[in-house]
Each structure stands twice: as C-alpha cells, then as structure tokens.
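Be aware that the sequence shown starts at 252, since it is given in our numbering, and climbs by one per residue.
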Amino acid sequence: MNFVQRAVLTSAGAALASSALGQGAPVAPIKPKVFTNFGITRTDNYYWLNQPTDPEVLKYLNAENAYYDKQMAATKATQQKLVAEIKGRIKQEDASVPYRDNGYYYYSRFEPGAEYPVYCRKKGSTIEAEEVLLDANEMGAGRSYFQIGDWAVSDNNQLLAYTADTVSRRLYTLRFKNLATGKLYPERIANTGGEVVWAADNKTVFYTKKDVTTLLPYQVYRHTLGTDPKADALIFEERDNTFNVHVRRSKSKKFIGIEMVSSLSSEYRYLDAATPTGQFKTFLGREKNHLYNVEHLGDKFYVRTNWQAPNYRLMVTPVANTAKTAWQDALTRHPEIFLDNFDLFRDYLVLNERKGGLRQLRVVSWKDKQEHYLQFDEPAYTATIGINAEQDTPLLRYNYTSLATPPSVFEYDMSTRTSKLLKEQPVLGGFNKRDYVTERVFVKSRDKVFIPMSIVYKKGTKLDGTAPLLQYAYGSYGFSQDPTFSAARLSLLNRGFIYVLCNIRGGQEMGRQWFENGRMLNKKNSFNDFIDCSIYLTKPQESPVAGAKTKVQYTAPDKLFAMGGSAGGLLMGAVMNMRPDLYKGVIAAVPFVDVVTTMSDPSIPLTTSEYDQWGNPADEEYFKYMLSYSPYDNVKAQAYPNTLVTTGLHDSQVQYFEPAKWVAKLRAMKTDKNLLLMHTDMSAGHGGASGRFKSIDDTARQYAFMLMLLGKNL
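Right, here's the structure in full:
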C-alpha cells in the first residue's frame with residue numbers, strides 16, 4: 252500500500268489500517284491539520300493522536316504494541332534470558348550505607364524479591380533496633396506504578412512528612428505520619444511538586460504545588476499539621492512560567508529557602524526556620540543571565556554564582572548583608588574549572604569540580620586555606636559528594652563509580668587525608684571489574700572542537716571493526732552525562748559489545764560554554780558532534796593506549812547502534828534524518844521529536860520553562876531554526892535504520908503522542924524494509940516502569956532488539 256492509497260483508505264473512514272488480520276504494520280489514519288507561521292505552512296497528518304482518552308488513539312497504540320509483540324516474538328527466549336541474567340546480578344537483600352542526622356542513622360534496604368525500598372532508621376547507633384519509616388512495597392501493593400518523591404523528619408524526630416506518586420505524572424500527594432504511634436494523619440495534599448520541608452517548630456511544613464496542566468511547580472504553601480489543607484497559607488506564587496519553584500532547608504537547618512530557577516536566571520528567598528510564620532527575605536533579586544544557589548554556615552552565606560564567572564565561583568557574604576556589594580570570593584578562583592557543586596563543614600570546604608570533563612573532588616581547609624584533590628586512577632570515572640547531613644565532622648562521604656567500577660561509597664577523613672571504602676555495590680554472577688577495559692578519547696569535531704568519549708569493553712574484544720557498539724548521548728539542558736557503572740550493561744559487554752558515552756555539546760561536561768554551544772541557535776552542534784563521534788568509531792584510529800603502535804577500529808556502520816532518551820531522543824531523530832546510513836539500529840526512548848509544535852503550545856507540560864533551551868517559536872528566527880532540525884518535521888522519503896521507539900501513556904515530560912506521531916510519519920515516508928517498532932507502556936510515564944525489577948523488562952527489550960538485528964537470539 253503506497254502513501255496515496257493510505258490517504259484514500261483514511262478518507263474512507265477506516266479507524267485503523269493495519270491489514271485485516273494484523274499481518275502488516277499499523278497505519279495511522281491521516282487527518283490533516285494545517286499550521287501557518289511566518290508564511291510557512293506545515294501539515295500535521297497525525298495531530299489527532301493528541302487525545303489520550305480517545306478510543307481510536309488507544310486502539311492505534313495497542314495495535315502498535317501488538318505489532319511490536321509479533322515482530323519481537325522470536326526474541327522472547329532471549330528477553331527472558333536477559334532478564335534472568337540482569338536480575339541475577341542484583342543482590343536481592345541489600346541496604347544503603349547509613350548516614351547520621353540529628354541522632355539517628357538513616358538508610359534504605361531491599362527485601363528479597365521486593366520491587367521497592369524500605370526506609371528505616373536506628374537511634375544513636377547502627378546496632379540498635381530498626382525503626383521502619385516507610386515500606387514502599389506495602390504502600391505500592393496492587394498499583395502498576397508507585398514512587399516515593401521526598402520525605403523529611405521533624406526536628407524532634409517524631410513526625411514524618413512524605414510524598415508519593417501513583418500515576419507517573421510526577422504529581423505527588425503529601426501525607427504525614429506519627430513515628431511514635433505509626434498512625435497517619437488524615438490530611439492529604441494532592442498535586443504537590445514532591446518536595447517538603449519542616450520548620451523548627453515540629454508542626455509546620457512548606458511544600459510546592461504544581462499546575463496540573465503545565466506540571467510546573469509554581470506555588471509554595473505553608474501547612475500546619477492537623478489542620479485542613481484548604482486553609483493552608485499561600486506563601487509565594489511564581490507568575491513567570493519560565494521558572495520552576497522549589498523549597499528546601501539549609502544543611503545547617505537554620506533557614507528555609509524558596510528557589511526560583513529558570514535555565515538562565517534564579518532567585519533565592521529565605522526565612523529563619525524557627526519563625527515559620529515570618530516573612531521570607533529576598534537574598535538577591537533575579538537578574539538576567541545570573542544563576543546562583545545559596546548555603547549557610549555559621550554567620551555567613553556561601554554563594555555558588557556565575558556572576559562574572561561563566562564556570563561559576565564560590566563567594567561568601569555575611570548573613571546580615573546579602574547585597575551583591577558585600578559578596579567576596581571565598582577562595583582563589585580557577586576560571587577554567589567548572590564548579591559543579593560544593594558542601595560546607597565546620598572546618599572544611601568540599602568542591603565538586605569538572606576538569607577535562609570529569610567530576611573531581613577538592614578539599615579546602617578553612618583554617619589555613621590548604622587544599623588538595625582526591626586522586627583516582629581510572630581514565631574515566633565519576634566522583635561526587637555523597638550524603639553529608641551534618642556540618643560538625645571531619646568525615647566526608649563521597650561516591651565513586653566508573654564504567655567498570657560499581658557504585659561505591661567512601662568515607663574520607665579530611666584531617667588525615669585517608670579514605671575508607673564503606674561499600675561497593677555487590678554485583679553477583681562472577682563479576683570482576685578487572686575483566687573490563689575503560690578508555691578516554693577526545694574526538695576532533697568538524698569545527699575543530701574536541702568531544703570527550705568514555706569507552707568500555709570486555710578484555711579480549713577485537714578492535715578491528717567487527718565488534719558491535721552501542722553509542723549513547725544526551726546533550727541538552729546542561730545536564731552532564733558522567734561515566735557510571737551499569738550491571739545490566741554487562742549483558743552487552745559479555746556478548747562482545749563496546750559501549751561508548753559521548754559528551755556532546757549541550758551538556759556542561761566541559762564547562763558552561765559547552766552548554767551554550769549546544770542550545771538555542773547552536774543546537775545543531777549537538778547532532779554534528781554525535782555524528783562526528785560515530786564516524787570516528789567506524790574508522791581506523793590511533794590507539795588511545797599510551798605506547799601502543801597499532802591502529803584500532805571500534806566498529807562498523809553495520810554494527811553500530813545509537814541510543815538516546817527524552818532530549819536524547821531528539822538527538823536520535825535528528826541524526827537519523829541527517830545520516831541514517833551510519834547506523835544499523837537506533838533506540839529512541841521517550842523521544843522529544845516534535846519540537847516546533849510542542850514548543851508552540853504553552854499548555855503542554857514544561858514547554859514554557861524550556862524557551863531558554865530551544866527558543867520561543869513565536870520569534871521567527873527561532874521558529875525557522877527549530878523547524879530546520881525538528882525530527883518530526885524533517886522526516887523524508889529515504890531509507891532509515893532499524894528503529895525501536897518507546898514511550899509511556901502517562902509521560903509527563905515528553906507526551907506519548909510525540910513518538911506516536913513520529914512513528915506514524917516514518918511508516919508513511921520511509922523507503923526501506925527495516926524494522927520500525929514502537930512500544931507504549933500503557934501504565935507508566937517518562938521514567939518507565941517503577942520498581943527495581945520491572946524496569947529490567949525495558950532494558951531486556953532494548954538489548955534483544957539489537958541482538959536480533961545482529962542475528963544473535965541467544
């Protein structure tokens with residue numbers, strides 16, 4: 252059936268045009284909707300899919316799922332084997348490392364076979380009796396989705412506030428529990444942003460509310476325990492829909508803060524936690540292109556700011572005077588180093604910085620300003636500040652992982668400069684990290700910028716172009732993608748796959764300019780970077796191993812797979828349009844592919860808060876630029892690689908209809924016979940299935956798709 256025949260069939264009123272017996276791929280009916288902007292006319296034949304309760308829409312999504320099941324039927328045994336493998340690496344009965352806060356040690360643990368964690372604490376010592384705060388397994392029993400958003404214990408250690416999402420729309424219900432009696436308070440506060448903080452009086456909490464249409468957190472309320480939530484006081488309302496609103500409590504517990512954050516600007520207001528009915532003070536009013544965040548220690552506020560410092564710097568100001576004229580540098584500036592995060596202790600300052608794209612830890616003594624970096628010996632790794640709830644300690648908790656090293660928690664004595672491993676996440680099934688090789692490579696792009704890549708493979712894997720390779724990237728919002736471990740990924744590495752993480756422009760791995768050069772009118776740099784990395788991986792290159800004289804070739808186009816999710820799915824759609832010949836297969840998870848239409852509709856969740864990322868299509872220059880790369884708008888009659896698209900009916904970040912429309916248009920336009928599959932989770936959202944085991948099915952589905960294309964149903 253050709254494109255014209257499809258249109259005729261649709262106009263004849265067919266609800267769904269797969270073959271009568273389901274022998275072919277589903278064909279979505281064509282119902283043209285015309286948009287005209289700046290003299291440019293766009294026809295969207297599948298706009299009608301934006302109706303999640305329409306029986307015809309649900310019928311189409313279910314038909315796509317049925318087609319997926321049919322095409323993947325031969326991989327059922329492979330998927331089952333993969334699920335068993337991945338699940339077999341997970342220690343069924345496991346617990347996090349306890350951390351101390353206000354006289355208690357807090358941790359979470361998993362019970363054998365359980366999907367969700369149990370949140371617990373012990374008073375005074377880790378050998379004391381366990382007290383269960385929340386059992387997410389009991390709370391989520393019988394639900395297709397369940398997720399704890401946030402939880403906080405009152406200063407007197409007797410009350411618990413927590414939030415939970417049961418739909419996967421990231422609309423959280425706030426509840427309260429008496430920890431002495433175990434009884435829940437009657438009040439339920441729906442549609443919160445998931446964050447909750449206690450005031451020091453043990454009866455007042457502050458929380459955010461979301462707009463249920465746009466899903467933007469935009470209000471802050473004050474609630475008194477035991478009272479009707481309808482009487483809660485509205486403390487703050489954000490009227491600029493490009494900003495998100497958050498509430499938090501300072502590490503010192505002295506202040507409650509309201510943070511208003513957009514992509515390029517922020518504002519902080521604060522209140523003494525001991526006077527919850529008082530008025531919040533503005534730390535510094537929002538300024539264009541000024542991002543800052545605040546922490547407290549003693550009689551000073553510490554400010555991480557990009558004011559006259561694109562890669563951020565740390566400044567300090569008295570609590571009594573927060574005007575910018577009072578700010579001073581807290582330590583010597585290093586403009587070339589990106590300041591990612593910081594933590595305050597009584598005697599020490601800890602900085603999480605990025606050098607060469609990798610996150611590192613620097614410790615500074617307040618007493619004499621002596622400083623040092625923690626040293627790590629792998630070529631690609633991630634070191635981050637862990638949970639450090641208290642300030643009066645010389646002990647730093649930090650996290651370490653790499654592509655070959657499982658997540659590990661260390662305790663570092665900043666006075667003696669000694670580290671102690673508290674826990675390395677167990678990986679069952681005979682795993683030995685020394686069996687795997689990690690490398691760090693910088694690829695020269697077409698505009699002569701060096702793009703970092705982190706690579707991992709199992710020892711013995713041939714680097715002669717015969718190995719299959721999975722290339723992953725994100726490259727948006729300034730979200731940096733760090734080299735971290737995946738136990739599930741071992742199922743690919745052990746089958747001869749190479750895995751490559753590309754830090755393309757749009758993240759902040761190489762500093763703030765890396766982000767600036769991958770957004771707005773520079774967005775195409777992200778796509779070009781990914782393609783340039785793909786070309787590098789499929790051509791003979793000098794070995795990155797010092798002293799090696801042989802050339803290496805990591806893979807070839809007939810064995811190269813690309814993967815990205817959400818904004819990384821936008822990346823996948825763009826590179827498929829630009830260079831479909833480079834890839835054997837593409838996996839686009841919850842992909843943001845209909846850029847122009849989505850960004851033109853401010854009622855769609857999160858749209859307005861992203862104008863600083865993509866531009867506002869009400870501006871002709873940005874409209875035309877977005878239109879030039881939007882994956883959905885640039886689908887054309889050409890051969891496309893084998894493609895697997897995944898989405899969730901309740902997705903709050905990228906609405907399900909974007910990938911659904913994209914798949915429908917690809918089916919109508921593509922000229923090849925390669926597979927095009929879409930799987931919609933009818934009960935999940937942006938993050939996929941909840942629970943530590945249910946999500947394994949998603950991973951197995953993706954891996955089996957690639958193995959099938961390689962002829963490896965094993």
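Yeah, the Cβ is synthetic: ideal placement off N, Cα and C, and Gly gets one too.
Alpha carbon to alpha carbon, how far is Trp578 from Met566?
-> 6 Å
According to DSSP, is Gly711 helix, strand or coil?
-> In the structure shown, Gly711 adopts coil according to DSSP, grouped into three states.
In this structure, does DSSP put Ser653 in helix, strand or coil?
-> strand
Would you list the residues sitting across from Ile755 in a DSSP beta bridge?
-> Partner(s): none; Ile755 has no beta bridge.
So, using beta-carbon positions, are Pro892 and Pro842 closer together than 8 Å?
-> no
Leu391 versus Gln398: straight-line alpha-carbon distance, rounded | According to the sequence as given, residue 391 is Gly; it is not Leu. Rounded to the nearest angstrom, the two C-alpha atoms are 8 Å apart.
DSSP three-state call for Ala279: helix, strand or coil?
-> The three-state reading of DSSP puts Ala279 in coil, since its state is none of H, G, I, E or B.
Is Gly939 helix, strand or coil when you go by DSSP?
-> At Gly939, the pLDDT of 48 sits below 50, so the modelled position is not reliable; the number obtained from the coordinates is stated separately. It is a strand residue.
Identify the continuous alpha helix (DSSP H) that holds Tyr298 and give its terminal residues.
-> Where Tyr298 is concerned, there is no enclosing alpha helix (DSSP H), given that its DSSP letter is neither H nor E.
In the structure shown, what three-state DSSP assignment does Lys461 receive?
-> strand
So, is His474 buried or exposed, given that buried needs 16 or more other C-beta atoms within 10 angstroms?
-> buried
What is the DSSP secondary structure of Gly819, counted as helix, strand or coil?
-> Correct three-state label for Gly819: helix.
CA nearest to the CA of Pro853, picked from Ala325, Asp462, Tyr370, Val456 | Asp462
Given Trp558, which residues of its chain have a CB within under 6 Å of its CB, disregarding the five upstream and five downstream residues?
-> Sequence-distant partners of Trp558 (beyond 5 residues in either direction) whose C-beta falls short of 6 Å from its own C-beta, in its chain, are His541.
Give the DSSP bridge partners of Thr894, in chain order.
-> Val837, Leu927
Could you tell me whether the region 400–411 touches the region 341–359, where touching means 3 or more Cβ pairs closer than 8 Å?
-> A contact exists between the region 400–411 and the region 341–359.
Does the distance from the CB of Thr644 to the CB of Phe596 come in under 8 Å?
-> In contact: Thr644 and Phe596 (Cβ atoms closer than 8 Å).
Nearest-angstrom Cα separation, counted from Lys699 out to Trp765 = 14 Å
Determine which residues share a DSSP beta bridge with Gln611 and list them.
-> Glu604
If we ignore side chains and look at the alpha-carbon of each, how far apart do Leu272 and Val847 end up?
-> Residue confidence is low: Leu272 scores 31 on pLDDT, short of 50, so the model does not pin down where it sits. Its coordinate-derived value is still stated next. C-alpha separation (whole angstroms): 36 Å.
Is it true that the CB of Leu926 sits closer than 8 Å to the CB of Val886?
-> no
DSSP state of Lys327 mapped onto helix, strand, coil | helix
Alpha carbon to alpha carbon, what distance is there between Ala724 and Pro703?
-> 11 Å
Going straight from the alpha carbon of Val570 to that of Leu466, what length do you get?
-> 34 Å
For Leu410, I'd like the list of residues in its chain whose CB is within less than 6 Å of its CB, leaving aside the five on either flank, ordered along the chain.
-> none
Inter-residue spacing [alpha-carbon to alpha-carbon] between Thr950 and Asn572 | 52 Å
Assign Asp783 to one of three DSSP states: helix, strand, or coil.
-> helix
Report yes if the C-beta distance between Asn776 and Asn768 is below 8 Å; otherwise report no.
-> yes
Could you have a look at Met827 and say whether DSSP puts it in helix, strand or coil?
-> helix
Looking at the unbroken beta strand (DSSP E) that takes in Val348, where does it start and where does it end?
-> Note, Val348: premise wrong, no beta strand (DSSP E); not H, not E.
Alpha carbon to alpha carbon, what distance is there between His623 and Leu535?
-> 32 Å
Per-residue DSSP class, three states only, for Thr513 = Before going on, a small fix: residue 513 reads as Ser here, not Thr. Correct three-state label for Ser513: coil.
Label Leu425 either buried or exposed according to how many other C-beta atoms from any shown protein chain fall within 10 Å of its C-beta, with 16 as the threshold for buried.
-> buried
Endpoints, the beta strand (DSSP E) within which Tyr543 is located | Residues 543–548.
Cβ distance (whole Å) where Tyr396 is taken to contact Thr417 below 8 Å = Their Cβ separation, rounded to whole angstroms, is 6 Å, which keeps Tyr396 and Thr417 in contact under 8 Å.
Stretch-stretch touch, CB-based, cutoff 8 Å, three pairs: the region 370–381 with the region 709–722 | no
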